[in-house]
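Contents: one structure, followed by commentary.
Protein chains: 2
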Amino acid sequence: MVGDSIGTKLVSLGHKVMMGSRTAGNEKALAWTSRNGALASNGTFADAAAFGEIIFNCTSGHASLEALQLAGRENLQGKILVDVANPLDFSKGMPPSLSVCNTDSLGEVIQRQFTDVKVVKALNTLSCQLMVNPGLLKDSGNIFICGNDAAAKAEVESLLRTFGWEKIIDLGDITAARGTEQILPIWVRLMGKLGTPMFNFSIVQ
Amino acid sequence: MVGDSIGTKLVSLGHKVMMGSRTAGNEKALAWTSRNGALASNGTFADAAAFGEIIFNCTSGHASLEALQLAGRENLQGKILVDVANPLDFSKGMPPSLSVCNTDSLGEVIQRQFTDVKVVKALNTLSCQLMVNPGLLKDSGNIFICGNDAAAKAEVESLLRTFGWEKIIDLGDITAARGTEQILPIWVRLMGKLGTPMFNFSIVQ
Numbered sequence: 020m021v022g023d024s025i026g027t028k029l030v031s032l033g034h035k036v037m038m039g040s041r042t043a044g045n046e047k048a049l050a051w052t053s054r055n056g057a058l059a060s061n062g063t064f065a066d067a068a069a070f071g072e073i074i075f076n077c078t079s080g081h082a083s084l085e086a087l088q089l090a091g092r093e094n095l096q097g098k099i100l101v102d103v104a105n106p107l108d109f110s111k112g113m114p115p116s117l118s119v120c121n122t123d124s125l126g127e128v129i130q131r132q133f134t135d136v137k138v139v140k141a142l143n144t145l146s147c148q149l150m151v152n153p154g155l156l157k158d159s160g161n162i163f164i165c166g167n168d169a170a171a172k173a174e175v176e177s178l179l180r181t182f183g184w185e186k187i188i189d190l191g192d193i194t195a196a197r198g199t200e201q202i203l204p205i206w207v208r209l210m211g212k213l214g215t216p217m218f219n220f221s222i223v224q
Numbered sequence: 020m021v022g023d024s025i026g027t028k029l030v031s032l033g034h035k036v037m038m039g040s041r042t043a044g045n046e047k048a049l050a051w052t053s054r055n056g057a058l059a060s061n062g063t064f065a066d067a068a069a070f071g072e073i074i075f076n077c078t079s080g081h082a083s084l085e086a087l088q089l090a091g092r093e094n095l096q097g098k099i100l101v102d103v104a105n106p107l108d109f110s111k112g113m114p115p116s117l118s119v120c121n122t123d124s125l126g127e128v129i130q131r132q133f134t135d136v137k138v139v140k141a142l143n144t145l146s147c148q149l150m151v152n153p154g155l156l157k158d159s160g161n162i163f164i165c166g167n168d169a170a171a172k173a174e175v176e177s178l179l180r181t182f183g184w185e186k187i188i189d190l191g192d193i194t195a196a197r198g199t200e201q202i203l204p205i206w207v208r209l210m211g212k213l214g215t216p217m218f219n220f221s222i223v224q
């Protein structure tokens, strides 16, 4: 769902996008490709990683490391990886817990395991409909980015502005992913309370 | 600081308030009492717990359980305990980690250890200046409450409305404290980024 939303948005902005999957010919990837025309294509995680200049990790948090290993270190090397994933653990029932948190984060784990990749944590604090359509809310609220490479963050920030985002807060290095990932537990509670995922956090001063 | 702010606010609203400390005659408690006139008094944690109809836990998270044990089970029994504390652990340096999180929370630990007390987690997601003066922000934003006792939450919500709070979100039972306590890591990052604790979270739809 997240990859579909972001891929569709990127195509609508004129970017060539390849949707990666565990295996080539994935049914959902084929459907997405046929819906999105000539700029859209699909392949394995490795195909997509080799194809992309900027890679979006839109996998489930528990599957992210395996997906990135399948994508291949050599295909990712030197590239920007926008990490949208959250380490939600549903194995103990609802509400989900986090499989990594507090003194570490999924963003950091990925950065440590892929030291040649420029990990930028972004967009993980809201539903995928809103990630690509901030105008759906009366007040769009804020999104947060963090990562160790300033140029990579600037590039991602520029891209997110083309999505419609204006209020982007750079929280610093990738360790700030502890903060944005640990916002998920209250996000889940709020979704239950409000009865909708169509909300966001706005920082008011 | 938190107890001073909340105590001062309560006195300004006409409530009698006793500030509890580890030992009677605490210097800060005496200073607070002399600043706040006839409605203010001070004593031990046990004195304050016996005195109060509603108890505010404004201690540091790492000291909360000991403070509540000193307050005394018999003095707390059946009462509402507004838990404002956060389990911030500064022992490993900055930024702080949480001494309990993810599948548990300080609010839950307190509720489990003091089963006869009606724990309402509240006000732990913003600075103490704002806890008692939401009007200091152009948009006050939201505060969150949670707890197992509906009547206790309603009473706390009424009290918080007299502080000036309008947008109070009840997140459900005390396990929702996992959500509000785990918002602290991003709060700390935001304080560093914004250079001030004078901000809050607003849920926008």
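Chains as they are written, first to last, in the working numbering: chain E, 20 to 224; chain L, 20 to 224. Ideal Cβ placement from N, Cα and C applies to all residues, glycine included. Here the structure is a predicted model, which means the values were calculated and not measured.
So, residue i versus residue j, is the Cβ gap smaller than 8 Å?
i	j	result
ASP192(E)	VAL138(E)	no
PHE163(E)	THR144(E)	yes
LYS14(E)	VAL136(E)	As shown, chain E starts at 20 and ends at 224. That puts residue 14(E) outside it, with no answer to give.
VAL30(E)	ASN55(E)	yes
ILE205(L)	THR199(E)	yes
CYS120(L)	GLN224(L)	no
MET217(E)	ILE25(E)	no
LEU190(L)	LYS212(E)	yes
LEU89(L)	ALA65(L)	yes
ASN219(E)	LEU179(E)	no
ASN161(E)	SER221(E)	yes
With hydrogens ignored, establish whether the beta-carbon of residue i is closer than 7 Å to any heavy atom of the ligand FAD.
i	result
ALA65(L)	Absence of the ligand FAD is noted for the structure shown, with no ligands found whatsoever.
Going by DSSP, what residues sit across from residue i in a beta bridge?
i	result
SER79(L)	Its beta-bridge partners do not exist; DSSP assigns none.
THR199(E)	In the DSSP output, where bridge partners are listed per residue, THR199(E) has none listed.
SER116(E)	ASP108(E)
ASP189(E)	ILE164(E)
VAL30(L)	According to DSSP, which records beta bridges pairwise, VAL30(L) is partnered with nothing at all.
ASP102(L)	ASN76(L) and LYS140(L)
MET37(L)	SER60(L)
VAL223(L)	ASN219(E)
Using C-beta distances below 7 Å, list every residue in its chain close to residue i, excluding the 5 sequence neighbours before and after it, in chain order.
i	result
SER118(E)	GLY80, HIS81, PRO106 and ASP108
ASP168(L)	LYS137
THR42(E)	THR63
VAL175(L)	ILE99, VAL101, VAL139, ALA141 and ILE164
THR52(E)	MET38, ALA59, SER60 and ASN61
THR78(E)	ALA86 and ALA104
GLY91(L)	ALA65 and ALA68
LYS28(E)	VAL151 and PHE182
Please list, in chain order, all residues of the same chain as residue i whose beta carbon is under 8 Å from its beta carbon, the five residues on each side excluded.
i	result
GLY33(L)	LEU58
GLN132(L)	LEU84 and LEU87
LEU95(L)	ALA68, ILE74, LEU87, PHE133, ASP135 and VAL136
ASN76(E)	SER83, ALA86, LEU87, LEU100, VAL101, ASP102, VAL103, ALA104 and ILE129
ARG208(E)	PRO114
In chain order, what residues of the same chain lie with their CB nearer than 6 Å to the CB of residue i, ignoring the 5 residues before and after it?
i	result
PRO153(E)	SER159, GLY183 and TRP184
CYS147(L)	MET20, VAL21 and SER24
LEU203(L)	ASN105
ARG197(E)	SER124
MET210(E)	PRO216
PHE70(L)	MET37
SER116(L)	ASP108
* Does the region 108 to 127 of chain L touch the region 183 to 191 of chain L, meaning 3 or more C-beta pairs lie closer than 8 Å? -> no
* Asked: Is the region 28 to 38 of chain L in contact with the region 58 to 71 of chain L, if contact means three or more CB pairs nearer than 8 Å?
  -> yes
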